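Report on one structure; see the data block that follows.
In full-length UniProt numbering, the protein residues as written are 1 to 200.
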C-alpha cells in the first residue's frame, strides 16, 4: 500500500511540474499529462465520505494537497478557456454583422438605382513604390561597386609594393654579384702579379 501512495505522489508532482492545464483540453499534451483522470473524482468522493463519517474536515496529506492544487489549476484553466471561447464567438458575430451591414447598403443602393463605383487603387502608388525600390537597388549597386573598386585598388597597391620589393632585391643581388666579380678579378690580378715576380 505504501508503494502505491509513493507512486501517486510522484505522479501528482509530475503533473504539477508539467502544467498540462496550460494546453487546450482537446490536445494530446493535456490528455497525456492528466494520466489517471479519475483522481479528482476519487479525491472529492473520499473527502465527502470522510467529512460525513467524522463530522469534521479530515487532515490533508501531501497527496491531498497536490490533488487540490491540480484540481484548482484545471478548473481555472477551463474557466479561462471558456471566457476566451466566448470572446472568439462574440468577435465572429460582430464580423458577421459588419458583412451583413455592407451587403444591405449595397442592396439599398442598387434598389435606388444608384451604382456604387468600385474603388480602384491609383497607379501612382505603384509607380512611387517601384521608383523607391529602383532607387534603393541603384544605391546598393553603387555601394557594391565602390567596395569592389576599393578592394581592387588595395590589391593593385599590394601588387605594386611586392613588385618594387622584388626589384630592390634583384638590384641588391646584382650589386652583390658585381662586388663579388670585382673581388675575384682583383684577386686574379694580384695572383698574376705575384706569379710574374716569382718567375723573374
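Positions of the beta carbon are idealized from the N, C-alpha and C atoms, including for glycine.
Keep in mind it's a predicted model, so treat the numbers as computed, not measured.
Could you say which of the options lies nearest to residue i if we only look at CA atoms?
{"i": "residue 9", "options": "51, 45 and 68", "result": "68"}
{"i": "residue 16", "options": "73, 53, 45 and 50", "result": "73"}
{"i": "residue 7", "options": "53, 62 and 48", "result": "62"}
Using the three-state DSSP reduction, which class does residue i fall into: helix, strand or coil?
{"i": "residue 186", "result": "helix"}
{"i": "residue 61", "result": "coil"}
{"i": "residue 200", "result": "coil"}
Beta-carbon within less than 7 Å of residue i's beta-carbon, same chain only, minus the 5 sequence neighbours each way: which residues are those?
{"i": "residue 76", "result": "none"}
{"i": "residue 170", "result": "none"}
{"i": "residue 155", "result": "none"}
What residues in its chain sit with their C-beta under 6 Å from that of residue i, if we drop five residues either side in the sequence?
{"i": "residue 46", "result": "none"}
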